[in-house]
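Reading through the structure tokens given below for one structure.
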Amino acid sequence: NNNNNNNNHNNNKNTKGMTNSRQPNTNNNNNPRVSSGYWFNTINENVDYMIEALKPVSAPNRRTLWRTCLCYYDGEVELYEFSSLECDIHWATSLRTFIPVCQAINQICKTLQLTFGLEYMKWLTTAQSASAMSRTGRGTAQLRDRVLKDGKVLPNNIIDVSAFMDSMVDVNLMDDCAQELSERFLEYKPTKILTVATTGLVLALPLAKYLQIPVVYARKERNAVMADTYTASYRSQTVGKEGLLLVSKSHLVEEDRILVVDDFLSSGAAQEALLRIISDAGAKAVGIGVLLEKVYGKGRLFLSGFNLPIHSMCRVSSVQGGVIQVMEEEGDGDDETTVVY
């Protein structure tokens, strides 16, 4: 639509094959700025062509109107949602179409949600809520007990948990931890889990089962099927040397919402490397979940710049003198007390 009386009928000569026509506007009483209009039912390159042709002979504030209509029909229920955008011709391009389209999509999604009572992954939320009373905190308590009972402190303050989550894995314990952790991250709607092979898989696999999403793991060495990869270097405190993480580019896409999962959070170097890979892929990171967090390693502080939720099942505050000290968390972890065992 336009808002002036310029004689632009010659521009119609260049619109052969378009789905538009120059028509007198019948709504002049509603908007005195509008005297005539060009209507396009299909947005394509012809729209940009017409706009560029009209700009030299139009006032900068000549009006353009972009309107979207969406319809839902299932044989019984029929719903409509509309959205529009008005802007001056000086700023008009076909890209403006995306604004009313996105608004209309959001509106019809909300209408459908209210009409049919839709809920994101309702079956999963219901199943988790049914067992929340009996299982909330179960994984955390069991993991803390196993760390204090079977965990050992090795030289260089390394925590040895090979008795239940490394060389030998307690699958029931990992399942309990994964279910509890899934409840914390469900609201962020992840679409994939990214972890490090192979230690991160002990948590990533059962967690993916509860979230019903796939697992992508980063290798530390390239294999025969990894032709095109994202790579990120990091320094491992456990082995004391530089490492490299590789992820196949075909496994990550821009639309992904990725949850980073690992067994330990210490310095945060490995998690930061995974976040760099996510950034290189153009995807979005939604959170970080780990089994054990070495609070004294300052990894949480190191990752704070990413502004992501970080959840750990067990937080170790100190291993001084070969004694493991864990932090007991009350409620959601706002009140924490260091307990020496």
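Numbers 888 to 1228, taken from the working numbering, label the letters of the sequence shown in order.
Ideal placement from N, C-alpha and C gives every residue a C-beta, glycine not left out.
Own chain, CB closer than 6 Å to E965, minus 5 neighbours either side, in chain order:
Closer than 6 Å at Cβ, skipping near neighbours: no residue.
Strictly by DSSP, which residues pair up with W953?
According to DSSP, W953 bridges with L972.
Could I get the ranges of all uninterrupted alpha helix (DSSP H) runs contained in the region 1024-1065, with 4 residues as the minimum, in chain order?
Correct list: 1025-1037.
I'd like to check one pair, A1160 with L1133: are the Cβ atoms closer than 8 Å?
Cβ atoms of L1133 and A1160: not closer than 8 Å.
Answer yes or no: do I1080 and V1148 have a C-beta to C-beta separation smaller than 8 Å?
Judged by their CB atoms, I1080 and V1148 are nearer to each other than the 8 Å cut-off.
So, helix, strand or coil for G1208, using DSSP?
G1208 sits in a helix when the DSSP states are folded into three classes.
By how many angstroms is the C-alpha of S1054 removed from the C-alpha of T1116?
Each residue's Cα considered, the two are about 28 Å apart.
From S971, H977, T998 and Q994, pick the residue whose C-alpha is nearest to that of I986; which is it?
Closest option to I986, Cα to Cα, is S971.
Give a yes or no on whether the C-beta atoms belonging to C974 and R983 are separated by under 8 Å.
Contact: yes.
For the alpha helix (DSSP H) containing D935, name the first residue and the last one.
Per DSSP, D935 belongs to the alpha helix (DSSP H) from E932 to L941.
With distances taken from CA atoms, which of Q1066, Y1183 and L1005 is nearest F1151?
Out of Q1066, Y1183 and L1005, Y1183 has the C-alpha closest to the C-alpha of F1151.
When the Cα of R1071 is compared with those of H1198, A1170, Q1158 and Q1000, which residue comes out closest?
A check of alpha carbon separations from R1071 across H1198, A1170, Q1158 and Q1000 identifies H1198 as the nearest.
Taking its Cβ as the centre, do 16 or more other Cβ atoms sit within 10 Å of E1129, making it buried, or is it exposed?
The Cβ neighbour count for E1129, taken over all protein chains shown within 10 Å, is under 16; the residue is labelled exposed.
Can you tell me whether W953 is buried or exposed? The criterion is at least 16 other CB atoms within 10 Å of its CB, across all chains shown.
Buried, because 16 or more other Cβ atoms sit within 10 Å of the Cβ of W953.
With 16 other Cβ atoms within 10 Å as the buried cut-off, status of K1036:
Exposed: under 16 other Cβ atoms inside 10 Å.
Measure the CB-CB distance between I1145 and V1173 and report whether it falls below 8 Å.
In contact: I1145 and V1173 (Cβ atoms closer than 8 Å).
Express the C-alpha separation of Q1029 and L1060 in angstroms, rounding to a whole number.
So the two alpha carbons sit approximately 7 Å from each other.
Report the residue ranges of all alpha helix (DSSP H) runs contained in full by the region 1166-1190; include only those spanning at least 4 residues, in chain order.
Runs found: 1186-1189.
Element boundaries [beta strand (DSSP E), containing T1118]
T1118: member of the beta strand (DSSP E) spanning T1116 to S1123, first to last residue.
From this set, V1089, G1209, S1153 and V1177, which residue's C-alpha is nearest V1058's C-alpha?
Looking from the CA of V1058, the closest CA among V1089, G1209, S1153 and V1177 belongs to V1089.
For S981: DSSP bridge partner residues
According to DSSP, S981 bridges with nothing at all.
Enclosing beta strand (DSSP E) for A1095 [first to last residue]
Premise fails: A1095 lies in the alpha helix (DSSP H), L1088 to L1098, not in any beta strand (DSSP E).
Would R1163 and A1119 be called neighbours here (beta carbons separated by less than 8 Å)?
Against a cut-off of 8 Å, the Cβ pair of A1119 and R1163 comes out as a contact.
Taking the beta strand (DSSP E) that T1082 falls in, what are its first and last residues?
T1082 -> beta strand (DSSP E) spans K1079 to V1083.
For S1166 and L1005, the rounded distance between their alpha carbons:
In a straight line, the C-alpha of L1005 is about 32 Å away from that of S1166.
Assumed close pair V1083, A1170 - CB separation to whole angstroms, cut-off 8 Å
Separation of the CB atoms of V1083 and A1170 is rounded to 17 Å, and the pair is thereby denied contact status at 8 Å.
The beta strand (DSSP E) spanning D1149 covers which residue range?
It spans R1144 to L1152 - the beta strand (DSSP E) in which D1149 sits, taken as one unbroken run.
Can you give the Cα-Cα distance for E1217 and P1196, rounded to whole angstroms?
Note that E1217 scores 46 on pLDDT, short of 50, meaning its location in the model is unreliable and no value can be drawn from it.
For L966, which residues does DSSP report across the bridge?
Under the DSSP definition of a beta bridge, L966 partners with Y959.
Endpoints, beta strand (DSSP E) assigned at A1105
Element bounds for A1105: V1102 to A1105.
Where DSSP assigns a beta bridge to I1197, which residues make up the other side?
DSSP, once it has assigned bridges, lists I1175 as partnering I1197.
Going by beta carbon distance, what residues of the same chain come within less than 7 Å of V1056, once the five residues before and after it are set aside?
Here the set comprises V1089.
Excluding the 5 residues flanking S1021 on each side, which residues of the same chain have their C-beta closer than 8 Å to its C-beta?
Because S1021 sits at a pLDDT of 43, beneath the cut-off of 50, its placement in the model cannot be relied upon, and the following sentence gives the value as read from the coordinates. Its chain contains no residue whose beta carbon lies nearer than 8 Å to that of S1021 once the 5 sequence neighbours on both sides are disregarded.
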